[in-house]
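Some notes on the structure that comes next.
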Ligand code: ADP
Ligand code: MG
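Residue numbers (our numbering): 319 to 1019.
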C-alpha cells in the first residue's frame, strides 16, 4: 500500500481549493492520464514551459518598449470609445511623476474597468509596454492590482500548457495550491550526486518551477527540472531492474512443442516467410525451449512482417499445451490483429479470442471463462488483458506489439499473468543497440532486416501547402484509377479539440469535392465502434479516402491503400513520418506519399523532408533522426504520446539515462530488498512515479 504521506499528492484535483466539478473536467483533459481523473500530482508534474518575469519595476520614463514591466501609477482619466464606434478601444490614462501611459482595452466591459481603475487611485499594472504613434501604451495589461494584490502577485509567473477554458492565471493559482500539498520527504538520491550536479531537493525543485523567484529554473539545463527528470529516470530504471531481476530469477519452462502447429501454419500462410522471419522464429523457438525465461525484443521496420513471426511463436507455445497472449496498444490494432489472425488460426486449429476494454457483459464473461479454463489457446487484446480479473489457465507466452506505446511497467505486466511466462516485445522503432541496452537492459534481440518480397518502392514527394488544389486534383485522379488514400492531419500540439477540428474541416472540404460516400473521417475522440466501422469501410474499399489524425500511425494494415497525404509534414518527427508512410506500400501496386509542408520549412524540418524523400530504410532514418535531435527522442516517448516520461526531456536529458541505469544497478546490487534508509526512501520514489508493481515484486522476492 502506498505510504500515507503521499496521499495528498494522489488526491483528486478537487481536493484543492478553487477546483470544482467543472474545472476538474478541464484538468482531467489537461493533465489526467487517458481515462483517469487528474490528481494533485499530475498538476505538479505538469511543469511550466517558461515564465514571465515581472520583476522589472521602472518608472514610466525608464520603461523600455517591448519589455514586460510592472509600473506604479495613479489613474488620471478614462476615455471610453466614442459613441457609435464600439470597435474603437476603451482607453485609460495613468501616470507617475516621470510620464504617462495609455492602457488600451478592446471589447471593454466599462463597469469592470471603472472598478478596476478608479480615478485618482494608485494601481500597479504589469504587461508589455509599447510605443504607438510616439506614445507609450500597454494593450490589455496582464495584471492590474492594488497594493494588497501586489503582495499576492507572482513576480515571476510560470506559463503552462493550457486547454480551452482554463486561464493562465487560474492554473497558476491552482498549481501553487498543489505545491502547498507537497509533504516533507526523505531524500532518495545520493547526497554526493546531488551536490555534484547542484540539484536541489525534490520539493525545492518543484517550488523553483511552480513558484519561481527568478528565471533560472526555465533554462534548458535547469538544475530544478533536471533533478525531477532524474527522479523520474531513476524510478523507471529501478523498476525495470527489479522486474528484470524477478523475471530472470523465476525459472522458465519449456514452452515449445513438436512443431506440428507451426508446420500447419506454414501451410495456411499465403506467403513464404522471409529469411529474417525464419531466423527470428528459430531464435524464439530456441528461447522457448530453454529452461530460462525468454525476454526477447523483435525489431522490424513497419511492414517487415512481425505479426507472422508472433503467430508462429504463439503457435509454438500452444503446441506445448500453453496459452499465448498478444497485446496491442490500441483498440483498432487489436481488432485488426484479431481479424487477420482469425482465418489462419482457424485453419491451423488454434482457438483464438479477443479481449479489449470495449467488451462488456456476457461476451466478456464468456471470454474470461474460456481463458481461465483453457477453452482459448490465443487471445489478442489491449491493456484490458492485464486487468486484475483476467486469469489464464496456463499462460506460456506474452507478446507485446508496438511496445513503444506502452509504459515500461505495462510491457512486463502481462508476464505476471502466469508461471514463468516468456515475453516477446515487438517494435517498429529501430533502436540502436546501445539504446536497447539502456532501455531494456539485457534483452535478446532479433531483427527483421528485409521486407517481404514484391514490395514496390514508395514515391515520396514534398509539396508546399499552397499547392493543395493540385494535390486534391491528383487525389481525384488516383481514386478514379482505383487507389485508396490516407489523408493525415497533424496534431496541433496542446489541444486535441483543435486537432479534431482541423481534421473535420479537411474532411468537410474533401466531401464537398468527392462526396460523402467516398470520404471517411477517423480521429481519437470518436467512440470505438464508430472508429471500427470507418476503418472497416475503408479496408473494404467502400471509402476511397480516409481523413485521419495520427490514430492511424500504429500498425493499421490496408494493403490496397497506395496514396498517403500528410498535411503539415514539417510538424512531424522523422520516426513518426516513417511510421505513417509505412501504412502504404504494403501491396503489389506502386505507392505515392505526398508530404505537404508550410513554406518555408525550418532547417530541421527541411532536413527531415529531404531524408524522407531519399530513403525508406528505417534504420537509416533512425540514425538521421538521432543526429537531428539526440538519442533520447528515438525512444519516442513524447511524440508517441507514451506515458513513460512526464518530466524527462529526451533532447536535454539523454546523459541522465545512463547515470540512472548505473545508479539503479548499484542500488539493486547493494540493497536488493530496498531495506537501507536510502532504500526506504527509494520506495517512496517508486510510489511517487507509480511503479507500484515493482514494489510488489520486491515483496514477493
Ligand atoms: P509489421 O512488421 O509492420 O507489423 P505486418 O506484420 O503487419 O508488419 O505485415 C505487413 C504485411 O506484410 C501484412 O499484410 C502481411 O500479411 C505481409 N507479410 C508478412 N510477411 C510476409 C512475407 N514473408 N511475404 C509476403 N507478405 C508478408
Ligand atoms: Mg505490426
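We put the beta carbon where it would ideally sit given N, CA and C, even for glycine.
query, result
"Can you give me the C-alpha to C-alpha distance between residue 897 and residue 620, rounded to a whole angstrom?", "7 Å"
"Just curious, the beta strand (DSSP E) that residue 413 is in, first and last residue?", "408-414"
"Consider the C-beta atom of residue 661 and the heavy atoms of ligand 1; say whether any pair is separated by less than 6 Å.", "no"
"Once you ignore the five residues that flank residue 919 on each side, which residues in its own chain have a CB closer than 6 Å to its CB?", "888"
"Roughly how far, in whole angstroms, is the beta-carbon of residue 443 from the beta-carbon of residue 462, given that I think they are within contact range, below 8 Å?", "5 Å"
"To the nearest whole angstrom, what separates the beta carbons of residue 344 and residue 477, a pair I think is in contact under 8 Å?", "Their Cβ separation, rounded to whole angstroms, is 17 Å, which puts residue 344 and residue 477 out of contact at 8 Å."
"Check whether the Cβ of residue 676 lies closer than 6 Å to any heavy atom of ligand 1, and answer yes or no.", "no"
"Is it the case that the Cβ atoms of residue 614 and residue 719 are separated by a distance below 7 Å?", "no"
"Would you report the Cα separation of residue 848 and residue 422, rounded to the nearest angstrom?", "49 Å"
"Roughly how many angstroms lie between the CA atoms of residue 925 and residue 828, to the nearest whole one?", "30 Å"
"Report buried or exposed for residue 505, applying the criterion of at least 16 other Cβ atoms within 10 angstroms of its Cβ.", "exposed"
"Taking the Cβ atom as the reference point for each residue, do residue 327 and residue 1005 lie within a distance shorter than 7 Å?", "no"
"What separation, rounded to the nearest whole angstrom, lies between the Cα atoms of residue 319 and residue 612?", "30 Å"
"Sorted by chain position, which residues of the same chain lie with C-beta nearer than 8 Å to residue 999's C-beta, five sequence neighbours on each side aside?", "503, 504, 505, 506"
"Check whether the region 488-499 and the region 348-363 touch, using three or more Cβ-Cβ pairs below 8 Å as the test.", "yes"
"Measuring CA to CA, which of 690, 350, 549 is closest to residue 330?", "350"
"Hey, would you say residue 651 sits closer than 7 Å to residue 659, going by beta carbons?", "no"
"How far does the alpha helix (DSSP H) with residue 348 in it extend, from its first residue to its last?", "339-349"
"Does the Cβ of residue 622 lie closer than 6 Å to at least one heavy atom of ligand 1?", "yes"
"Check whether the region 567-585 and the region 621-638 are in contact - that is, three or more C-beta pairs closer than 8 Å.", "yes"
"In terms of residue numbering, what span does the alpha helix (DSSP H) encompassing residue 794 cover?", "786-798"
"Whose C-alpha, out of 715, 716, 687, is nearest the C-alpha of residue 707?", "687"
"Taking the C-alpha atoms as reference points, what is the distance between residue 875 and residue 694?", "25 Å"
"Where does residue 503 sit, in a helix, a strand or coil, going by DSSP?", "coil"
"Given this structure, state the Cα-to-Cα distance separating residue 625 from residue 777, to the nearest angstrom.", "25 Å"
"Provide the residue span of the beta strand (DSSP E) that contains residue 533, from first to last.", "Residue 533 -> no beta strand (DSSP E), and no H or E assigned at all."
"Quick one: what's got a C-beta closer than 6 Å to residue 623's C-beta in the same chain, skipping five residues either side?", "595, 770"
"Bridge partners for residue 642 per DSSP, in chain order?", "696, 715"
"Output needed for residue 379: all residues of its chain with C-beta closer than 6 Å, excluding positions within five of it in sequence on either side, in chain order.", "416, 417"
"Would you grab the beta carbon distance between residue 533 and residue 381 for me? Rounded to a whole angstrom, and I think it's under 8 Å.", "19 Å between Cβ atoms; not a contact."
"Please list, in chain order, all residues of the same chain as residue 765 whose beta carbon is under 6 Å from its beta carbon, the five residues on each side excluded.", "617"
"Would you list the one or two residues that DSSP bridges to residue 390?", "442"
"First and last residue of the beta strand (DSSP E) that includes residue 617?", "613-618"
"Within this structure, are the beta carbons of residue 916 and residue 783 separated by less than 7 Å?", "yes"
"State the DSSP-derived secondary structure class of residue 610, mapped to helix, strand or coil.", "coil"
"If contacts are defined as beta-carbon pairs under 8 Å, then residue 837 and residue 865 qualify, I think. What distance do you get, rounded to the angstrom?", "6 Å"
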